Every structure is written in C-alpha cells, then in structure tokens.
Amino acid sequence: MNDKTCEITQRLAGRFPNAGKENLIQMLQEIQREQGYLTDNDICSVGKYLRMPVSRIYSIATFYNQFKFSPSGRYHFKVCRGTACHVIGSITVLQEIVKQLGIEPGQTTRNGQFSLEVVSCMGACSLAPVIAVNDVYYDHVDQDKIRHIVNECRSMED
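Using the working numbering, you'd call the opening residue of the sequence shown number 219 and step up by one each time.
Shown next, in the form of structure tokens:
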C-alpha cells in the first residue's frame, strides 16, 4: 500500500468510522475524486477496511462506468454515442478524434496529454452531436470543430 492510499484510507476511516458495505460506493467515489482513478491498492485497502473480498469490490466498481482504473489524460475527451448523437454523426466525430489524437477509446496518449472515452449519453440531445473535454461541452461538433478543439488543447501546452 502506498503513502497516498494509506492517507486516503485513514481519511475515509475518519469520515466513515462505522463504515459498512453500504458505504462502498461513496468510499470509491471519494478516492477517485482525490486521485482521478482507482488503483489495485485502493481497492485492497477498502476491502480490508470494510472486510469485503476484493473480488466483490471489483465486481461492483466495474459495474458502474463512473469508476476509472487508469489515469485520464490532461485533456479527457468524452464522445456521446446516444441515439441523437449517433443519428446526427457522432461516429464521424469519433473517427476524427481517433485520427487527431492517435488513440482509441479507453486509451491515453503516451505523454499523458489526451485520453478518449465513449459514453452512452451525455443528456444534451438537442445539441447533438456533443463531446466534452474535461467536462466542458461542445455542441454541434463536426470534423472541423474537432480539429480546432484538439489544436486549441495542443496550443495550451506550448
């Protein structure tokens, strides 16, 4: 267990002194909020604290798509694939992002700058197709807008 995991576990113990299995989701959310994703050590620590098998925690955590098990890039792209976005061209948008970033959904660039995720629906159907970069929404996106957004992110790094 690393120092960061120990620190988080101790803080959670303070917040959830009589924690039971009913607190599992909250605890995992808290850890992810702190460091952006869940590590194997985090899950083992929570398992020890709650006296739950690690396999059970993994099965619960992997059921919910809110939990991440690897770090996101500095610029985290989410592409909506809901019905409205699909009908209006999100597949073309996704293909352009893949081309621009050089990664597939679920991956992060080697330099840690970009990551890409496909989501079922972002709840912005009237703005389709929609993407988000670090939870900032971009509406009615097309290939040109994607190139502009990616170039804007890259220029902030210079």
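Cβ coordinates follow ideal geometry from the N, Cα and C atoms, glycine included. Keep in mind it's a predicted model, so treat the numbers as computed, not measured.
Query raised in the report: Are I349 and K296 close, meaning C-beta to C-beta below 8 Å?
Result: In this structure, K296 lies closer than 8 Å to I349 by Cβ.
Requested in this report: Could you check the C-alpha separation between A346 and S333 for me, to the nearest Å?
Outcome: Between the C-alpha atoms of A346 and S333 there is a straight-line separation of about 21 Å.
Report task. Please confirm if the stretch 359-371 is in contact with the stretch 303-318, defined as three or more CB-CB distances below 8 Å between the two stretches. Result -> yes
Query raised in the report: Helix, strand or coil: which one does DSSP assign to D296?
Result: It should be noted that the sequence gives Lys, not Asp, for residue 296. In the structure shown, K296 sits in a strand (DSSP, three-state: E or B).
**Report entry** Span separating the alpha-carbon of S273 from that of E252
**Finding:** 23 Å
Query raised in the report: With V305 and P323 assumed to form a contact (beta carbons below 8 Å), what rounded beta-carbon distance in angstroms separates them?
Result: Actually they are not in contact, since the Cβ atoms of V305 and P323 sit about 19 Å apart, beyond 8 Å.
Query - For V264, the nearest candidate out of D360, P235, N369 (CA to CA) - result: Nearest option by C-alpha distance: P235.
Query raised in the report: What are the residues that DSSP puts in a beta bridge with F285?
Result: Its beta-bridge partners do not exist; DSSP assigns none.
Report task. Would you list the one or two residues that DSSP bridges to F332? Result -> Y293
Report task. Tell me whether I349 sits in a helix, a strand or coil according to DSSP, three-state version. Result -> strand
Query - Alpha-carbon spacing of I261 relative to G232, whole angstroms - result: 18 Å
Report task. Taking T381 as the reference, give the member of S308, R372, D360 with the closest Cα. Result -> Summary: the structure shown does not reach residue 381, with the chain confined to residues 219 through 376, and so no result is reported for it.
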